[in-house]
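Chains as they are written, first to last, in my numbering: chain A, 793 to 958; chain B, 1219 to 1415. Cβ atoms here follow ideal geometry from the backbone N, Cα and C, with glycine treated the same way.
This is how it looks when you write it as structure tokens:
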């Protein structure tokens, strides 16, 4: 039987604690208010970047063969991570959820090694519908759309929706 | 640190490791709001190692999926360093992909806290202060160096801070569902003793 060395326990106060507790500083409420304000100010610069990433995603798919090879899927996955983060940061919840669904789909497909481009196109069209500045879409329509996107993913992953539900 | 107490970030030197420049900028602005000097950044794991070896940092904020290596590998490297300032530094791992396996991987690499992206100021502030104040000892074994993963949990970080948009688990039928920030917190601290409402 292999003998393991005993675990060592180290009791050490992080220097960060001493720094945070040093005199001065800002109250939590004030710090959070300033941080939120700073992030809001960023939206003017970063929302155009969000549009650019949506365009980039389209370009990646357009330039790739069908089915998408792993390299294109990985590039698209990175692009979706950026969209997910920006959309979530600036309150574009619907776009964030669509992007999360596409990211999960791509993660599944990267494991398999290829992905048909149609389901990706469907997600990208959905993402454009919910891009900032687009006409409002009702919650019901959004729920229906997300349900359809989930079905697409389940179909690709498991073959059929029924199999997944069973 | 009591919720009403001031936290002084003015001398905290942080390194942000993320290949997404937008994410780095958002984090910088949040830290700026807290009163922290401009955080240094590195876009991949190799660059981060070089910066960490040549600099003096109090905090590492690391994305879970770097271009050249998993964030967990960078964390393991930090925890393997002889320099105690590096070895025991507080590390926050950020990820937009919070399936259980990803959170588990981060936890087992030796991070102090896993935070779900997109990051909100309140979540970042509360976890950061909690990581600094947490009385967890460091455990050093042959296979793990990092904060003790089994410890008495005496409540959520003060402020609770969770955004409504954190709960995105209903958008698909993932093999492993994405976890909410609360679920991640619970997983990072499995020996929950009591929870303050």
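For my contact list, residue 1235 of chain B and residue 1292 of chain B are in at a C-beta cut-off of 8 Å; report their separation, rounded to the angstrom. Taking the second chain and counting its residues from 1, the one referred to as residue 1235 of chain B is at position 17. Taking the second chain and counting its residues from 1, the one referred to as residue 1292 of chain B is at position 74. 7 Å between Cβ atoms; contact.
Taking only the alpha-carbon atoms, compute the straight-line gap between residue 1227 of chain B and residue 818 of chain A and give it to the nearest angstrom. Mapped onto the second chain, residue 1227 of chain B falls at position 9. Mapped onto the first chain, residue 818 of chain A falls at position 26. Each residue's alpha carbon lies about 8 Å from the other.
Taking the straight line between their C-alpha atoms, what separation do you get for residue 1274 of chain B and residue 814 of chain A? Counting from 1 along the second chain, the entry for residue 1274 of chain B is found at position 56. Counting from 1 along the first chain, the entry for residue 814 of chain A is found at position 22. One C-alpha to the other measures close to 18 Å.
Which one or two residues does DSSP pair with residue 1274 of chain B in a beta bridge? Taking the first residue of the second chain as position 1, residue 1274 of chain B is located at position 56. In the DSSP output, where bridge partners are listed per residue, residue 1274 of chain B has none listed.
What does DSSP give as the partner residues of residue 1281 of chain B in its beta bridges? Residue numbering aside, residue 1281 of chain B sits at position 63 when the second chain is read from its first letter. Assignment of beta-bridge partners to residue 1281 of chain B by DSSP yields B:1312.
Using a beta-carbon distance below 8 Å, is residue 1277 of chain B in contact with chain A? Mapped onto the second chain, residue 1277 of chain B falls at position 59. Residue 1277 of chain B counts as touching chain A.
Using a cut-off of 8 Å between C-beta atoms, extract the partners of residue 817 of chain A located in chain B. Locating residue 817 of chain A in the first chain gives position 25, where the first residue counts as 1. Those within 8 Å of residue 817 of chain A in chain B are 1224, 1225, 1226, 1227, 1228 and 1253.
Let me check understanding here. Comparing Cα to Cα, which of B:1284, B:1240, B:1403 and B:1358 lies closest to residue 1336 of chain B? Residue mapping note: residue 1336 of chain B aligns to position 118 of the second chain, counting from 1. Between residue 1336 of chain B and the set B:1284, B:1240, B:1403 and B:1358, the nearest pair of CA atoms involves B:1240.
Classify residue 816 of chain A as buried or exposed, calling it buried when 16 or more other Cβ atoms lie within 10 Å of its own Cβ. What you label residue 816 of chain A is simply residue 24 of the first chain in a count that begins at 1. By the 10 Å Cβ count, residue 816 of chain A comes out exposed.
Spatially closest choice to residue 912 of chain A from A:836, A:866, A:884 and A:799, by CA coordinates: Start at 1 with the first residue of the first chain, and residue 912 of chain A comes out as number 120. It is A:866.
With H, G and I counted as helix, E and B as strand and the rest as coil, what does DSSP make of residue 1247 of chain B? Position 29 of the second chain holds residue 1247 of chain B. Looking at residue 1247 of chain B - three-state DSSP - the assignment turns out to be helix.
Tell me which residue opens and which closes the beta strand (DSSP E) that residue 1357 of chain B is part of. Sequence index remark: in the second chain, residue 1357 of chain B carries index 139 (1-based). Per DSSP, residue 1357 of chain B belongs to the beta strand (DSSP E) from 1356-1358.
Would you say residue 955 of chain A faces chain B, with C-beta separation under 8 Å as the test? Position 163 of the first chain, counting from 1, holds the residue named residue 955 of chain A. Only weak support is given to the placement of residue 955 of chain A: the predicted model assigns it a pLDDT of 46, under 50, and the value that follows is read from those uncertain coordinates. Chain B, which has no Cβ nearer than 8 Å to the Cβ of residue 955 of chain A, makes this no.
Measuring CA to CA, which of A:809, A:804, A:930 and A:897 is closest to residue 862 of chain A? Position 70 of the first chain, counting from 1, holds the residue named residue 862 of chain A. Among A:809, A:804, A:930 and A:897, the Cα nearest to that of residue 862 of chain A is on A:897.
Where does the unbroken alpha helix (DSSP H) through residue 1423 of chain B begin, and where does it stop? Since the first residue shown for chain B is 1219 and the last is 1415, residue 1423 of chain B is missing from the structure and cannot be characterised.
Hey, would you say residue 1280 of chain B sits closer than 8 Å to residue 1309 of chain B, going by beta carbons? Position 62 of the second chain holds residue 1280 of chain B. Position 91 of the second chain holds residue 1309 of chain B. It is a contact, given that the beta carbons lie within the stated cut-off.
With DSSP collapsed to three states, give me the class of residue 1259 of chain B. On the second chain, residue 1259 of chain B is found 41 positions in, with the first residue counted as 1. The three-state secondary structure of residue 1259 of chain B, taken from DSSP, is strand.
At the 8 Å Cβ level, is residue 1398 of chain B part of the contact set with chain A, yes or no? The count along the second chain starts at 1 and reaches residue 1398 of chain B at position 180. Chain A, which has no Cβ nearer than 8 Å to the Cβ of residue 1398 of chain B, makes this no.
Residue 921 of chain A versus residue 927 of chain A - alpha carbon distance: Numbered from its first residue, the first chain carries residue 921 of chain A at position 129. Numbered from its first residue, the first chain carries residue 927 of chain A at position 135. The alpha-carbon atoms of residue 921 of chain A and residue 927 of chain A are separated by roughly 8 Å.
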